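Enquirer: Starting off with a structure, shown below.
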Amino acid sequence: MFGMFNRSRDLRTEGVWIAVVLVVIFATLRYDNFMGLYNVQTFFGYNSMFILIALGMALVIMTGGIDLSVGSVVALSSVVAAYTSPYGIEVALPAGLLTGIAAGAINAFLITKMRIVPFIATLAMMLGARGMALVLADNKSVSVDWTSNFTKFGLTRAFGLIPWAVILAALVFLALWIMLERTTLGRRILTIGGNPEAAKLMGVPVNRTLAITYIISGGCAGLAGVILASGFGAGQPLEGLGWELSAIASVVVGGTLLTGGVGSIPATLAGAVLLGLIFNILNFENGLGVISLSAYWQSVIRGGFLLIVVILQSRSGGGLVRRRSTT
Amino acid sequence: MAKAKDMTGSSTVAKINLGQLARDNGTFLALIALIVINMVITPNFLQVQTLYVNLTQVATIAIVAIGMTLVIASGGIDLSVGAVMALSGALAPFVFLSEFGMASPGLALVLSITVALLAGLLCGMFNGWLINQFAIQPIVATLVLFISARGLAQVLTNGNLQVFENPAFEFIGSGRVLGIPFQALMAVVFALILSWVVRRTAYGRYLLAVGGNAKAARLSGISVNRVRLATYAICGVLAGFAGMVVSAINSASDANQTGQLMELDAIAAAVVGGANLMGGKAPIIGALIGAAIIQLVKYTLLANGVHDAVALIAKAVIIILAVYFQFNRAE
Numbered sequence: 000m001f002g003m004f005n006r007s008r009d010l011r012t013e014g015v016w017i018a019v020v021l022v023v024i025f026a027t028l029r030y031d032n033f034m035g036l037y038n039v040q041t042f043f044g045y046n047s048m049f050i051l052i053a054l055g056m057a058l059v060i061m062t063g064g065i066d067l068s069v070g071s072v073v074a075l076s077s078v079v080a081a082y083t084s085p086y087g088i089e090v091a092l093p094a095g096l097l098t099g100i101a102a103g104a105i106n107a108f109l110i111t112k113m114r115i116v117p118f119i120a121t122l123a124m125m126l127g128a129r130g131m132a133l134v135l136a137d138n139k140s141v142s143v144d145w146t147s148n149f150t151k152f153g154l155t156r157a158f159g160l161i162p163w164a165v166i167l168a169a170l171v172f173l174a175l176w177i178m179l180e181r182t183t184l185g186r187r188i189l190t191i192g193g194n195p196e197a198a199k200l201m202g203v204p205v206n207r208t209l210a211i212t213y214i215i216s217g218g219c220a221g222l223a224g225v226i227l228a229s230g231f232g233a234g235q236p237l238e239g240l241g242w243e244l245s246a247i248a249s250v251v252v253g254g255t256l257l258t259g260g261v262g263s264i265p266a267t268l269a270g271a272v273l274l275g276l277i278f279n280i281l282n283f284e285n286g287l288g289v290i291s292l293s294a295y296w297q298s299v300i301r302g303g304f305l306l307i308v309v310i311l312q313s314r315s316g317g318g319l320v321r322r323r324s325t326t
Numbered sequence: 000m001a002k003a004k005d006m007t008g009s010s011t012v013a014k015i016n017l018g019q020l021a022r023d024n025g026t027f028l029a030l031i032a033l034i035v036i037n038m039v040i041t042p043n044f045l046q047v048q049t050l051y052v053n054l055t056q057v058a059t060i061a062i063v064a065i066g067m068t069l070v071i072a073s074g075g076i077d078l079s080v081g082a083v084m085a086l087s088g089a090l091a092p093f094v095f096l097s098e099f100g101m102a103s104p105g106l107a108l109v110l111s112i113t114v115a116l117l118a119g120l121l122c123g124m125f126n127g128w129l130i131n132q133f134a135i136q137p138i139v140a141t142l143v144l145f146i147s148a149r150g151l152a153q154v155l156t157n158g159n160l161q162v163f164e165n166p167a168f169e170f171i172g173s174g175r176v177l178g179i180p181f182q183a184l185m186a187v188v189f190a191l192i193l194s195w196v197v198r199r200t201a202y203g204r205y206l207l208a209v210g211g212n213a214k215a216a217r218l219s220g221i222s223v224n225r226v227r228l229a230t231y232a233i234c235g236v237l238a239g240f241a242g243m244v245v246s247a248i249n250s251a252s253d254a255n256q257t258g259q260l261m262e263l264d265a266i267a268a269a270v271v272g273g274a275n276l277m278g279g280k281a282p283i284i285g286a287l288i289g290a291a292i293i294q295l296v297k298y299t300l301l302a303n304g305v306h307d308a309v310a311l312i313a314k315a316v317i318i319i320l321a322v323y324f325q326f327n328r329a330e
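Shown next as structure tokens:
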């Protein structure tokens, strides 16, 4: 059975959550304003973009694939959302979402119909979507319409408390969690990743299932683009560089096997939150002027952190990032 | 990834070499076609200056793509090459600009180059060690240095541009031998040496065996770990060399910009040149041709006044077409 709670008893899933809790306790004790409303709101508001693309990436990786195009798709859909912003959020959000879905559909076509390996297909989409974004925006950032309710989406909060971006990310999180754990589609995604040959023999519609995961990943990136444009007041064709790697890192930290077949949506959330927290803490350290970490040291430390996590995971017996058959 | 069986089948090494030859010719024909098209449509294409511009721009991509081809042949990928370029490119001037370097320029030059290449070697060995020791997938293992090696280079230089004047070092980037840009010559020499190594040495045979089927390679007594370590090390050294070339061309090292997105260009060049991400083939000369094709398409579009963002889209289409046709022919 695919019971939600049976699976969350899984050690690696718990490991990430334990790490999150420990980091939060540490930071709360160390910094006065860490658990303050402002920091929590800003943290989740900003990280909702990374959480969204990490969730989409997790599904793709569970099938044994990869999506390198998400960073560029964020940029492209932020440009589209900015152009449609005068019509309000009710048009701009679907427009950005559809842009992402279209990019995901092209990825899916390349992978399932033209049978190009996901790494290369999405690498091409990474270049193509970036090119499209730059052509559409004519190499500049595209300002959004400040009088429309699109800007309100980015700058106001539901019930005056929760950023709309967080609500959006939370809805996607719940939908994908239920989908993965409770539906046939979710079971198929994990089956394909576990053993594509067996899945085919079992009558799983492999291509259709794969296509859906790339479309979901594209859609998540599209929503992240909408959040980017509304939160920062501009469609940004050059934004999102390297975000695909942050997303992959979140998925890996969340214990999802890059070879596919294993993975959890809540643990991916935890992975994204954990990476975001490291960044947040480094900013606090900077603000305190204690070690005065330059942005340069921050990337060294983030790399070191990723190193520690993957080494710990590979040693924790479960062989989380262990390649399967080749060695 | 999921399509492993479809892409390579279970061909023997000999078969792969024949197929590879056919594919190399396919890419070569595409290059010829591009040159012919340019002779017709691009003004001033047939000038020595145009050739120099293209040769100097393509050399770094080609050098890194050669290393990437070896890594891909082993069944891996190296995302860290651009960051390693930044590190090596920053280290070399760091040494000859130091007090000691100023005092004894000759020794400092040798030491600069040694240190830069050593940094590349260590980065590559670190990647290989991570992959071997902890069985971490290459894309994740090399992500670590992708994130932190550029940071190290920035810490080293405080994120500032390091401008220098050192004619001997600048020769790596702007010198000419028999009228040919030095770095282009090096790219060709590296390619010839490594394609000989792949074809004629035990390491080359082991590499293709490891990439084709690591388990079978291990069972037949090949030290898979050593082959992998050597492969990532070679890739790191070549990236280190490319980093020095970029610094030498600009007479300055820029830790923020050097090697940005180079991993993508190198992967693209390797793949257009006939490398297969499933491993088992190492078309080194193909990587040279792949890099030339990507460079020439960019040049064609720019020289004809097309929006430079369109070049990105064109690159995407080329990669897809190359892989698509390569795959169809393999069938």
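Order-wise, the sequence lines are chains A and B. Taking numbering that gives the first Met the number 0, the leading residue of the first sequence gets 0, the next gets one more, and so forth. Taking numbering that gives the first Met the number 0, the leading residue of the second sequence gets 0, the next gets one more, and so forth. Each residue gets a CB set at the ideal place from its N, CA and C atoms; glycine is no exception. Computed from a predicted model, the values in this text were never measured in an experiment.
#1: Can you pull out the residues from the region 92 to 124 of chain A whose beta carbon lies closer than 9 Å to at least one beta carbon of chain B?
#2: Cβ of ASN38/A within 8 Å of any heavy atom in the ligand HEM?
#3: Looking at C-alpha atoms only, which residue of THR41/B, ILE60/B, VAL52/B is the closest neighbour of LEU260/B?
#4: Check whether the Cβ of LEU142/B lies closer than 9 Å to any Cβ atom in chain A.
#5: Would DSSP call ILE416/B helix, strand or coil?
#6: What do you reckon, are the CB atoms on VAL271/B and THR113/B nearer than 9 Å?
#7: Roughly how many angstroms separate the alpha carbons of SER194/B and VAL63/B, rounded to a whole number?
#8: Leaving out five residues on either side along the sequence, give the residues of the same chain with a beta carbon under 6 Å from the beta carbon of LEU320/B.
#9: Enumerated in chain order, which unbroken segments of the alpha helix (DSSP H) with a length of 4 residues or greater are wholly contained in the region 103 to 138 of chain A?
#10: Which residue or residues does DSSP assign as beta-bridge partners of PRO162/A?
#11: With GLU243/A and SER77/A assumed to form a contact (beta carbons below 8 Å), what rounded beta-carbon distance in angstroms separates them?
#12: Looking at C-beta atoms only, is the number of pairs between the region 253 to 272 of chain A and the region 144 to 155 of chain A that lie closer than 8 Å three or more?
#13: In angstroms, rounded to a whole number, what distance separates the CA positions of ILE288/B and LEU237/B?
#14: What's the C-alpha gap between GLU164/B and SER250/B?
#15: Name the chain D residues that come within less than 9 Å of ARG301/A, Cβ to Cβ?
#16: Spatial neighbours of ILE221/B within its chain, please: C-beta separation below 8 Å, excluding the five flanking residues on both sides.
#17: By DSSP, does VAL305/B sit in helix, in strand, or in coil?
#18: Reducing DSSP to helix, strand and coil, say where VAL143/A ends up.
#19: Should the region 241 to 249 of chain B be regarded as contacting the region 105 to 121 of chain B, the criterion being three or more beta carbon pairs within less than 8 Å?
#20: I'd like the list of long-range same chain contacts for GLY192/A, defined as Cβ closer than 7 Å, with 5 residues on each side in sequence excluded.
#21: Would a check of beta-carbon distances place VAL322/B closer than 9 Å to chain A?
#22: Tell me the DSSP secondary structure of GLN235/A in three-state form.
#23: Could you tell me which of LEU191/B, ARG149/B, LEU300/B sits nearest to GLU262/B, measuring between CA atoms?
#24: Beta carbon of GLY234/A, beta carbon of VAL79/A: below 9 Å?
#25: ALA223/A to TYR45/A, Cα distance in whole Å?
#26: How about VAL154/B and TYR82/A: are their beta carbons less than 9 Å apart?
#27: Between the alpha carbons of LEU189/A and GLY99/A, how many angstroms are there, rounded?
#28: Compute the Euclidean distance between the alpha carbons of THR208/A and ILE110/A, then round it to the nearest angstrom.
#29: What's the gap between the Cα of ILE135/B and the Cα of MET201/A?
#30: Would you kindly work out how many angstroms separate the C-alpha atoms of LEU273/A and ALA74/A, rounded to a whole number?
#31: If I'm right that ALA132/A touches SER71/A with Cβ under 8 Å, what's the distance once you round it to whole angstroms?
#32: To the nearest angstrom, report how far apart VAL223/B and SER249/A are at their CA atoms.
#33: What are the boundary residues of the alpha helix (DSSP H) that GLU164/B is part of?
#34: Classify SER249/A as helix, strand or coil using the three-state DSSP reduction.
#35: Alpha helix (DSSP H) containing ALA81/A: first to last residue?
#36: Is there a C-beta anywhere in chain B that falls below 9 Å from the one on ASN46/A?
Expert: The short version:
#1: LEU109, ILE110, MET113, ARG114, ILE115, VAL116, PRO117, PHE118, ILE119, ALA120, LEU122, ALA123, MET124
#2: In the structure on display, the ligand HEM does not appear, and there are no ligands present to speak of.
#3: ILE60/B
#4: yes
#5: Examination of residue 416/B is not possible in this model, given that chain B is present from 0 through 330 alone.
#6: no
#7: 14 Å
#8: none
#9: 117 to 136
#10: ARG156/A
#11: Between SER77/A and GLU243/A the Cβ distance is about 15 Å, and since that is not below 8 Å, they are no contact.
#12: no
#13: 17 Å
#14: 6 Å
#15: Here the protein chains are A and B, and chain D is not one of them.
#16: TYR205, ALA208, VAL209
#17: coil
#18: coil
#19: yes
#20: MET61, THR62, GLY63, GLY259, GLY260
#21: yes
#22: coil
#23: ARG149/B
#24: yes
#25: 10 Å
#26: no
#27: 23 Å
#28: 12 Å
#29: 30 Å
#30: 24 Å
#31: 7 Å
#32: 29 Å
#33: Run containing GLU164/B: none; DSSP gives neither H nor E here.
#34: helix
#35: 69 to 83
#36: no
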